[in-house]
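S.K.:
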Amino acid sequence: MGYMDLEIKLGGEPLINDGVKTLNALAGLIDTARMKVPTFKMILMATGEYAYRRSDDGIYIVPIGCLKQ
């Protein structure tokens, strides 16, 4: 079973970019001899209509409204 790295932001492109930097910095601190790398990375946003996966780094950007049933 894997795990994910999650960053929560209120919205906007500059905050997404900040979240990407934080997630990548955190991933760089993982001792892969003792722990597996994250299965995926995700930024949970307060705003937006659609979830997507960034093509350059594979990080998922998911508005909280997409999590409802």
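Residues 14 to 82 (the numbering used here) are what the sequence shown spells out, left to right. Even for Gly, the Cβ is constructed at its ideal location relative to N, Cα and C.
Would you call the region 65-75 in contact with the region 41-51, where contact means no fewer than 3 C-beta pairs closer than 8 Å?
M.R.: Taking 8 Å as the limit for Cβ pairs, the verdict is that the region 41-51 does not touch the region 65-75.
S.K.: Can you tell me whether D70 is helix, strand or coil according to DSSP?
M.R.: Your numbering for residue 70 matches position 57 in the sequence shown. Residue state, collapsed to three classes: coil.
S.K.: Give the single residue among K49, M58, T52 whose Cα lies nearest to the Cα of G78.
M.R.: In the sequence shown, counting from the first residue as 1, residue 78 sits at position 65. The option with the nearest alpha carbon to G78 is M58.
S.K.: Exposed or buried, what is L36 when buried is set at 16 or more other beta-carbons lying within 10 Å of its beta-carbon?
M.R.: Numbered from 1 along the sequence shown, position 23 holds the residue referred to as residue 36. Looking at its Cβ environment, which holds 16 or more other Cβ atoms inside 10 Å, L36 is buried.
S.K.: Cβ of K54 within 9 Å of Cβ of D70?
M.R.: For this step, residue 54 is matched to residue 41 along the sequence shown. For this step, residue 70 is matched to residue 57 along the sequence shown. The answer is yes: Cβ separation under 9 Å.
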